[in-house]
Structure formats: C-alpha cells, structure tokens
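Participant: Numbering (my numbering), first residue to last: 346 to 886.
Beta carbons: idealized from backbone N, C-alpha and C, even for Gly.
Below, the structure written as structure tokens:
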C-alpha cells in the first residue's frame with residue numbers, strides 16, 4: 346500500500362456519530378435474519394422464498410443484490426481509470442436487460458420448467474451426469490468469482506473510516522462483516538435475503554443519490570467534464586479509441602456480459618425462479634433494466650468525481666494514484682485505484698451524512714454476499730451432493746448441508762481475499778472467473794431451450810470447454826502469453842504480454858470455442874432417443 350495514500354486515508358470526516366449509525370443498521374439487519382428464521386420450513390422456502398415474490402419486491406431485491414459494494418468499488422475503479430467512456434458498460438447492461446424483459450430470452454422458459462437451480466435444468470434436459478458436472482463448475486467458478494468480494498468491501502470501509510490500512514484493520518473488518526452476513530443468511534435463507542434486500546434497496550438508493558448530489562455541488566458539472574478531457578483526452582469519452590482504457594474487443598465482451606448479468610448469472614436467475622409467474626419475470630426484468638443501468642452509472646460517476654477532486658483539491662493524492670502519468674510523491678508505484686473512491690467519499694461528505702452513506706454501502710455489501718452465499722451453497726447441495734447421494738435427502742438434511750456449505754464458502758473467501766495477488770481490475774477478474782461457468786451455461790441453456798438437437802454429450806463437452814476461460818486470470822494468462830510470444834520470436838516484455846493476451850480476448854475466444862464444441866459434438870453424438878426419432882422421420886418420407 347502506498348504510504349502517502351495510507352496516511353491520507355486518516356484525514357476523513359468519519360466520526361463516532363457515523364459509527365453509531367452504521368452499527369445501528371447492522372443490528373437491525375441481524376434482527377431481521379433472526380425474525381424470519383421461522384418461515385424457512387422447506388427447501389423451496391429456504392432457497393426460493395416459496396416462489397411468492399412479486400414484481401416490485403423482485404425488482405428491489407434484484408437491484409439490492411446486483412448493486413453490491415463490490416459493484417460500487419469495481420465500477421468506481423473503472424470510472425477513475427476510464428472516465429466517461431466506462432459508461433458504455435452501463436448502457437449495454439440496461440439495453441440487454443430490457444430486451445431480455447421484452448423477449449423473456451432464457452429466463453421465461455426456464456421459469457416455466459419449475460426448476461430451483463440452473464444445474465437442475467441441466468439434469469432434466471441433459472441427464473444427471475451433466476447436472477453434477479454443471480453444478481461443480483457453477484459452484485467452483487462462482488465461488489472463485491466472489492473470492493475478492495470480502496476484501497474489496499473491507500477496503501471501502503477501511504478507506505472511508507480512516508482505519509489503518511496496515512496490520513490488523515483489514516482482517517478484523519473482513520472477519521466482522523463475514524460473521525454478520527453468515528449469521529442471518531444461515532438462519533433465514535432466501536426469505537431473509539429478500540426481506541433484507543428490500544430494506545437495503547431503500548437505504549442504498551438514498552445514499553447513492555445524496556452522495557451524487559453533493560459531489561456535483563462540490564465539483565461542478567463543467568469542471569468535471571473539462572478535467573476528464575484535459576486528463577484523459579478522447580479516451581475519457583470514447584471507449585473505441587486506441588488511446589483509451591477499453592477498445593472494440595472490450596466493448597463486445599461487455600455486450601455479452603450484459604446478457605450474462607441478467608439472464609445467465611445464477612443470483613439474478615434465482616430472482617426469476619422465485620417470482621410468481623413468467624409474466625412477472627418479464628415485467629421485473631423490464632423495470633430492472635433501469636436499475637441495472639444506474640447500478641453502474643452512479644459508481645462510475647463517483648470514480649470520475651474522485652479523479653476530478655484529487656486533481657483540483659489534492660494534487661499530491663493525484664500524483665500518488667498516477668493521474669496524468671505523474672510519479673508518486675515518495676517514488677512508490679501508483680496506489681491501488683480501488684482506494685480512490687473511498688478516500689474521496691471520506692473527504693467529501695460531512696459527519697452524519699457519511700455514516701448514512703457508509704451504512705448504505707455496507708447494506709450493498711451484505712445484500713450481495715447473502716445472495717451469493719445462498720446461491721452457491723444451494724447448488725452444491727441440490728446439484729452435486731443430492732444427485733450423488735445413495736439415499737434421498739430429506740428437507741432437514743438439505744437445509745443443514747446448505748448452511749454448512751455457506752459457512753465453508755465464507756471461510757474460503759476470507760482466506761482468498763487475504764492471499765490472492767493479481768494485477769487485473771476487479772471487474773475484469775470477476776468477468777473472467779465468471780466465464781468459467783457462464784460460457785458453458787450460455788450454450789447449454791440457449792441450446793437446450795431453443796434447439797431440439799442439443800445433446801447430452803455436446804452439453805458435457807461444452808461445460809469442459811468453458812473451463813478454458815481460467816487462462817484469462819493474470820497469474821495464468823501472463824505466462825501463457827509469454828510462452829506464445831517467445832515461440833513466435835517476439836519480445837515478451839510485461840507491456841507486450843499485457844497487450845497480446847487480454848482478458849477480453851480470452852473471454853470472447855472462450856465463448857466461440859464453447860459454442861463450436863457444443864454444436865459440433867451435439868451433431869456428431871446425438872442423444873439416442875432423438876437419433877431414433879430422426880431415423881423414423883426419414884424412413885417415413
């Protein structure tokens with residue numbers, strides 16, 4: 346951690362009054378988890394809230410889940426580095442979600458099947474073998490995907506409150522937050538998640554709008570735009586220009602991730618499966634397209650405002666973060682951009698207000714963690730343990746195993762957050778780890794729901810092919826790119842490696858590779874029953 350930034354973090358407006366606001370909110374959330382425990386009497390109630398979630402509660406819950414603190418942090422990081430050009434991610438997410446809401450692509454027919462999880466659909470469509478493999482890959486990729494959630498959320502709290510960014514602060518904050526989330530998620534299941542998500546949605550909306558208004562009032566609209574232009578040039582507004590932070594491949598990758606975020610990602614699909622009807626699913630997604638856009642736009646804007654604030658009010662901090670290519674005041678490498686937004690919020694907001702906004706951010710943190718923990722643990726039990734079990738598991742055993750899985754996943758993300766080292770932006774890390782699951786899931790869900798010739802062998806092979814996305818992780822991607830460049834007789838410098846094999850390039854390549862494998866293998870190895878039907882049809886003609 347850059348020492349200058351660590352010292353600057355202590356100059357925050359966070360006071361004991363703000364701590365009281367945050368603690369009071371956490372106690373209310375914990376009490377809710379205890380109160381709703383008595384309603385989680387069956388597996389359907391525990392992981393799908395009894396399938397009685399209406400449109401507006403579903404919209405609020407989906408927004409509360411998908412606008413987590415991790416979302417705010419990685420989006421602010423993108424805005425801080427990419428300027429207004431980062432807005433293309435939000436626009437694409439909103440457009441794709443609206444189209445899904447109009448057409449019902451994937452989510453509506455999936456809700457009609459009555460399944461509780463995505464791998465359960467794999468089992469019905471492709472067989473038990475595919476369900477088990479799909480469950481393992483889904484849980485493995487998903488748990489790896491959320492591995493940095495806890496650490497990044499704790500970085501916000503440490504940065505905005507002025508706690509020491511060295512030593513004890515980070516692990517203590519991580520442990521405390523994780524314990525709170527585990528308690529009420531383990532106790533209440535999806536009912537607890539839905540109820541707390543609704544409350545968190547209200548608090549979060551208030552906090553986001555208030556902080557945004559104060560940021561604009563402090564910095565001024567014209568100043569924000571002119572500073573981005575002078576600092577980043579055209580790359581701060583146009584995601585396609587070469588001197589920017591993105592590029593054509595990245596924009597295409599983000600377009601596909603728009604589909605993933607609303608129609609493939611299990612925590613979003615879980616809300617669709619919990620809604621009362623397919624029409625409610627479609628209406629919920631149409632309205633959610635607005636919130637899916639806003640969940641990116643506002644944090645991007647916060648990151649941009651942090652950049653403008655540092656340039657005009659804290660030039661030494663601007664240099665510490667490497668803004669404009671300047672060197673750090675103490676000669677250290679540029680500071681982690683994830684700390685930019687928390688430091689900005691800590692200096693911008695007055696006492697009392699910063700407590701409310703921090704409570705909103707912690708609400709976002711808890712909302713994401715409860716949904717993700719419940720999602721991955723239910724997949725492990727419903728789609729891996731139960732199909733492999735020699736005897737039928739009763740409801741009590743399934744709920745117990747789900748709760749044990751939640752705790753085990755919590756321990757993992759605590760350890761992974763402390764020890765993993767990678768150079769990717771957090772959003773890019775999440776995109777490529779998610780691709781381990783969703784590249785195969787896209788082929789299996791779209792193919793299974795809309796293509797009669799999709800076969801179980803093709804599905805099984807597509808799931809395995811999707812795992813090749815792991816190459817996109819920086820600790821694996823860099824050595825692979827270095828070997829390829831060396832084999833081609835080209836320079837394998839860090840800059841050349843980073844440019845040659847980007848996470849977006851790996852992601853797009855994995856999608857194409859997985860779809861080709863799925864289609865080709867399905868055609869070469871059709872399911873026996875379908876092949877017999879085809880031969881009978883040909884004989885009749």
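#1: Do you know whose CA, among 456, 787 and 592, lies nearest residue 625's CA?
#2: Between the C-alpha atoms of residue 698 and residue 495, what's the straight-line distance to the nearest angstrom?
#3: Flag this pair as touching only if the segment 553-570 and the segment 811-819 have three or more C-beta atom pairs under 8 Å; answer yes or no.
#4: So the candidates are 497, 818, 493 and 461; which of them puts its Cα closest to the Cα of residue 480?
#5: Given a cut-off of 9 Å, decide if residue 848 and residue 817 are closer than it, judged by their beta-carbon atoms.
#6: Starting from the C-beta of residue 599, find all residues in its chain whose C-beta is less than 7 Å away, skip the five residues before and the five after it, and write them out in chain order.
#7: Suppose the cutoff is 8 Å on Cβ atoms and the five residues either side in sequence are ignored; what does the same chain contact list for residue 585 look like?
#8: With a threshold of 6 Å on Cβ separation, who are the neighbours of residue 860 within its own chain once the five nearest residues in sequence on each side are excluded?
#9: Check whether the Cβ atoms of residue 607 and residue 442 lie closer than 9 Å to each other.
#10: Between which residues of its own chain and residue 733 is the CB-CB distance below 8 Å, once the five residues before and five after are set aside?
#11: Enumerate in chain order the residues of its own chain whose CB-to-CB distance from residue 667 is below 6 Å, with the five nearest sequence positions on each side excluded.
#12: Since residue 459 is in the alpha helix (DSSP H), which residue starts that stretch and which ends it?
#13: Using 9 Å as the threshold, is the C-beta distance between residue 790 and residue 451 below it?
#14: Are the beta-carbon atoms of residue 900 and residue 702 separated by less than 9 Å?
#15: What is the rounded straight-line gap between the Cα of residue 431 and the Cα of residue 687?
#16: Roughly how many angstroms separate the alpha carbons of residue 893 and residue 731, rounded to a whole number?
#17: Of all the CB atoms in chain C, is at least one closer than 9 Å to the CB of residue 800?
#18: Where in the segment 658-743 do unbroken runs of the alpha helix (DSSP H), each at least 4 residues long, occur, reported from the N-terminal end onward?
#19: Determine, using beta carbons only, whether residue 413 and residue 648 come nearer to each other than 9 Å.
#20: Quick check on residue 362: buried or exposed, where buried means 16 or more other Cβ atoms within 10 Å of its Cβ?
#21: Checking 9 Å against the spacing of the C-beta atoms, do residue 372 and residue 728 come in under that value?
#22: Whose C-beta lies closer than 6 Å to the C-beta of residue 761 among residues of the same chain, with five residues either side of it excluded?
#23: Between the alpha carbons of residue 398 and residue 710, how many angstroms are there, rounded?
#24: Could you pull the start and end residues of the alpha helix (DSSP H) that residue 607 belongs to?
#25: What separation, rounded to the nearest whole angstrom, lies between the Cα atoms of residue 490 and residue 621?
#26: Look at the alpha carbon of residue 700 and the alpha carbon of residue 368, and state the distance between them as a whole number of angstroms.
#27: Rounded to the nearest angstrom, how far is the Cβ of residue 705 from that of residue 551, given a contact under 8 Å?
#28: Distance, Cα to Cα, residue 830 vs residue 840?
#29: Less than 9 Å separating the beta-carbons of residue 808 and residue 754?
#30: I think residue 358 touches residue 691, with their Cβ atoms under 8 Å apart; what is that distance to the nearest whole Å?
Facilitator: Taking the geometry as given:
#1: For the purposes of this step, residue 625 is taken as residue 280 along the chain shown, with counting starting at 1. Among 456, 787 and 592, the Cα nearest to that of residue 625 is on 456.
#2: Position 353 of the chain shown, counting from 1, holds the residue named residue 698. Position 150 of the chain shown, counting from 1, holds the residue named residue 495. Going by the C-alpha atoms only, they are around 24 Å apart.
#3: no
#4: Translated into positions along the chain shown, residue 480 becomes position 135. With distances taken between Cα atoms, residue 480 lies closest to 461.
#5: In the chain shown, the residue the question calls residue 817 occupies position 472. In the chain shown, the residue the question calls residue 848 occupies position 503. Yes, the Cβ-Cβ distance between residue 817 and residue 848 is below 9 Å.
#6: Along the chain shown, one-based indexing puts residue 599 at 254. 433, 434 and 437.
#7: The count along the chain shown starts at 1 and reaches residue 585 at position 240. Once the five neighbours on either side are set aside, the close Cβ partners of residue 585 are 591, 592, 593 and 596.
#8: The residue given as residue 860 occupies position 515 in the chain shown. The residues are 788.
#9: Stepping through the chain shown from its first residue, residue 607 is reached at position 262. Stepping through the chain shown from its first residue, residue 442 is reached at position 97. Closer than 9 Å, so yes.
#10: Here residue 733 is taken as the residue at index 388 of the chain shown, counted from 1. Here the set comprises 477.
#11: Numbered from 1 along the chain shown, position 322 holds the residue referred to as residue 667. So the qualifying residues of the chain are 679.
#12: Here residue 459 refers to the residue found at position 114 when the chain shown is read from its first residue. That residue, residue 459, is in no alpha helix (DSSP H); it is neither H nor E in DSSP.
#13: Residue mapping note: residue 790 aligns to position 445 of the chain shown, counting from 1. Residue mapping note: residue 451 aligns to position 106 of the chain shown, counting from 1. Taking 9 Å as the Cβ cut-off, residue 790 and residue 451 qualify as a contacting pair.
#14: Because residue 900 is not part of the residues shown, which for the chain are 346 to 886, the question remains open.
#15: Within the chain shown, residue 431 is the residue found at index 86, counting from 1. Within the chain shown, residue 687 is the residue found at index 342, counting from 1. Rounded to whole angstroms, the separation of the alpha carbons of residue 687 and residue 431 is 19 Å.
#16: Coverage of the chain is limited to positions 346 through 886, which leaves residue 893 absent and any answer about it impossible.
#17: No chain C is present in this structure, which holds just one protein chain.
#18: 660-665, 685-693 and 698-725
#19: The residue labelled residue 413 in the question sits at position 68 within the chain shown. The residue labelled residue 648 in the question sits at position 303 within the chain shown. No, the pair does not count as a contact, with Cβ atoms beyond the cut-off.
#20: For this step, residue 362 is matched to residue 17 along the chain shown. Flag for residue 362 reads exposed.
#21: The count along the chain shown starts at 1 and reaches residue 372 at position 27. The count along the chain shown starts at 1 and reaches residue 728 at position 383. Contact annotation: residue 372 and residue 728 have beta-carbon atoms that are not nearer than 9 Å.
#22: Within the chain shown, numbered from 1, the residue matching residue 761 stands at position 416. Contacts found: 492.
#23: Stepping through the chain shown from its first residue, residue 398 is reached at position 53. Stepping through the chain shown from its first residue, residue 710 is reached at position 365. Low local confidence applies: a pLDDT of 46 at residue 398 is under 50, so the model's placement there is unreliable, with the coordinate-based value given in what follows. Looking at the two C-alpha atoms, the distance is approximately 22 Å.
#24: For the purposes of this step, residue 607 is taken as residue 262 along the chain shown, with counting starting at 1. Where residue 607 is concerned, there is no enclosing alpha helix (DSSP H), given that its DSSP letter is neither H nor E.
#25: Locating residue 490 in the chain shown gives position 145, counting from the first residue. Locating residue 621 in the chain shown gives position 276, counting from the first residue. Rounded to whole angstroms, the gap between the alpha carbons of residue 490 and residue 621 is 29 Å.
#26: As a working note, residue 700 is residue 355 in the chain shown. As a working note, residue 368 is residue 23 in the chain shown. Using only the alpha carbons, I get a separation of about 10 Å.
#27: In the chain shown, counting from the first residue as 1, residue 705 sits at position 360. In the chain shown, counting from the first residue as 1, residue 551 sits at position 206. Rounded, the Cβ-Cβ distance is 7 Å, consistent with contact.
#28: As a position in the chain shown, residue 830 is number 485, starting the count at 1. As a position in the chain shown, residue 840 is number 495, starting the count at 1. The straight-line gap from Cα to Cα measures roughly 12 Å.
#29: For this step, residue 808 is matched to residue 463 along the chain shown. For this step, residue 754 is matched to residue 409 along the chain shown. It is not a contact, given that the beta carbons lie outside the stated cut-off.
#30: Counting from 1 along the chain shown, the entry for residue 358 is found at position 13. Counting from 1 along the chain shown, the entry for residue 691 is found at position 346. With a Cβ gap of about 6 Å, residue 358 and residue 691 count as contacting.
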